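To start, the structure itself, in C-alpha cells.
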Amino acid sequence: MTHNADLCVITSCSNGLLTARVEGALDFDTGDHFTRALANALAEHPQAHTVLLDCTELGHVDSLGLATLLMLRRRLVEDAVRLRIEHRPAALDRVLEITGTRDHLLGAPAEDTARSAVS
Numbered sequence: 008m009t010h011n012a013d014l015c016v017i018t019s020c021s022n023g024l025l026t027a028r029v030e031g032a033l034d035f036d037t038g039d040h041f042t043r044a045l046a047n048a049l050a051e052h053p054q055a056h057t058v059l060l061d062c063t064e065l066g067h068v069d070s071l072g073l074a075t076l077l078m079l080r081r082r083l084v085e086d087a088v089r090l091r092i093e094h095r096p097a098a099l100d101r102v103l104e105i106t107g108t109r110d111h112l113l114g115a116p117a118e119d120t121a122r123s124a125v126s
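So the sequence shown is numbered by this note's numbering: it starts at 8 and just counts up by one.
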C-alpha cells in the first residue's frame, strides 16, 4: 500500500491479475505518486498479465490524471499487459467521453465488438 494525503493505491496480485484499488484524487498533485505505485507493483509482480484498476473510491480526476492513465496504458501495451478499469465513477466516464479517449483507454464498447463480429 502506498499513499499520500490525497491518494492511496492498494495493490495485490493473484494468478497474474494485478489489482490496484485507487482511493482519492488522481490529479496534478498525485499523478507521480500513482505512476510510482503502479511501476513498483509491476516490478514486484512481473508475471502480471492484467492490471485491474478498481476505481470504486476514485474521486476527482483532472487532465493530468487522465494523462497518467493514458501513459499507464501505453506502458502496459508495450509490455503486453492488459488494462481493465472497473467501478469507474461518473466523473471519470464524463472526462473520457468529453476528451474522446474512452475507446482508446478502455477498448471499444462491447456492443460494437459484438456487432463487428457479426459483420
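No residue lacks a Cβ here, since even glycine has one placed at the ideal position from N, Cα and C. Since the structure is predicted, the reported quantities are computational estimates derived from the model, not experimental observations.
- Closest option to Arg89, judged by alpha-carbon separation, among Leu112, His67, Val16: Leu112.
- Looking at the DSSP output, Gly31 bridges to Leu14, Leu65.
- Its Cα nearest to that of Val102, the residue Leu77 stands out among Leu77, Glu85, Gln54.
- DSSP, reduced to helix, strand and coil, places Thr106 within a helical segment of the structure shown.
- For Gly114, the closest alpha carbon among the candidates Cys15, Ile92, Ala98 is that of Ile92.
- Scanning Ala27, Cys20, Leu59 for the CA closest to the CA of Ala44 turns up Ala27.
- Note that the region 52 to 60 does not touch the region 30 to 40; fewer than 3 beta-carbon pairs, one per stretch, sit closer than 8 Å.
- Note on Ala97: under 16 other CB atoms within 10 angstroms of its CB, so exposed under the neighbour-count rule.
- Annotated as distal: Val68 and His40, with beta-carbon spacing of 9 Å or more.
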